[in-house]
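In my numbering, the protein residues as written are 242 to 461.
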């Protein structure tokens, strides 16, 4: 049984039939030295064992809690599954099913990215990204699972090759949740100048007395 948020900015719609698990069969995996978290221009997060040509938006995700701290290495089976089928959880405020889904992933030891959908920009981007109208939403690789269902989520994670029980090191800390759409920085308001006064960056005009050789009084 799937659980959806009852108090959210979304309305619940009928769901399309679930994608067959056969599409989630794990192909043979090459040995990966590390996993990179890559943020695309549209804000979509993907994972890869190879950095992109321009790696300005890519960084290792082996559990670093902050820049410069020592990052614990993910176990090989988790690292390989995450490189092939990265997991992202989309959540909202005051959403009990979202909390249940988050706890399920954490207890099972799944490294996942969390995106919050709260602002109007988040909602618009979420609908474009998934077409879903309810939360939570879980993506495992290219598969989208609408609503929380421990049984269904577990089946897809099993098929993707994630361990059935947590094997993450005790020092592992996942990254904090971030908005789906980064907040736009508000521009500084323009300084208004009272009527009759010169602007602060405009030098006041200094009266010029015309020289005696300039009888017409032309001012330059």
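Each residue gets a CB set at the ideal place from its N, CA and C atoms; glycine is no exception.
Residue i, DSSP secondary structure in three states
| i | result |
| --- | --- |
| residue 368 | helix |
| residue 244 | strand |
| residue 358 | coil |
| residue 287 | strand |
| residue 379 | strand |
| residue 413 | coil |
| residue 326 | coil |
| residue 420 | strand |
| residue 397 | helix |
| residue 346 | helix |
| residue 332 | strand |
| residue 408 | coil |
Residue i to residue j span [Cα, whole Å]
| i | j | result |
| --- | --- | --- |
| residue 243 | residue 417 | 25 Å |
| residue 286 | residue 341 | 22 Å |
| residue 364 | residue 316 | 35 Å |
| residue 391 | residue 424 | 32 Å |
| residue 246 | residue 385 | 17 Å |
| residue 324 | residue 399 | 15 Å |
| residue 414 | residue 318 | 18 Å |
| residue 419 | residue 279 | 14 Å |
| residue 395 | residue 366 | 27 Å |
| residue 397 | residue 343 | 16 Å |
| residue 393 | residue 314 | 28 Å |
Exposed unless 16 or more other CB atoms sit within 10 angstroms - verdict on residue i
| i | result |
| --- | --- |
| residue 354 | buried |
| residue 320 | buried |
| residue 335 | exposed |
| residue 411 | exposed |
| residue 281 | exposed |
| residue 361 | exposed |
| residue 406 | exposed |
| residue 387 | buried |
| residue 356 | buried |
Residue i vs residue j beta-carbon contact at 8 Å
| i | j | result |
| --- | --- | --- |
| residue 377 | residue 326 | no |
| residue 421 | residue 381 | no |
| residue 322 | residue 402 | yes |
| residue 389 | residue 338 | yes |
| residue 328 | residue 409 | no |
| query | Counting pairs of beta carbons, one from the segment 363-374 and one from the segment 335-348, are three or more of them closer than 8 Å? | reply | Too few Cβ pairs lie closer than 8 Å, so no.
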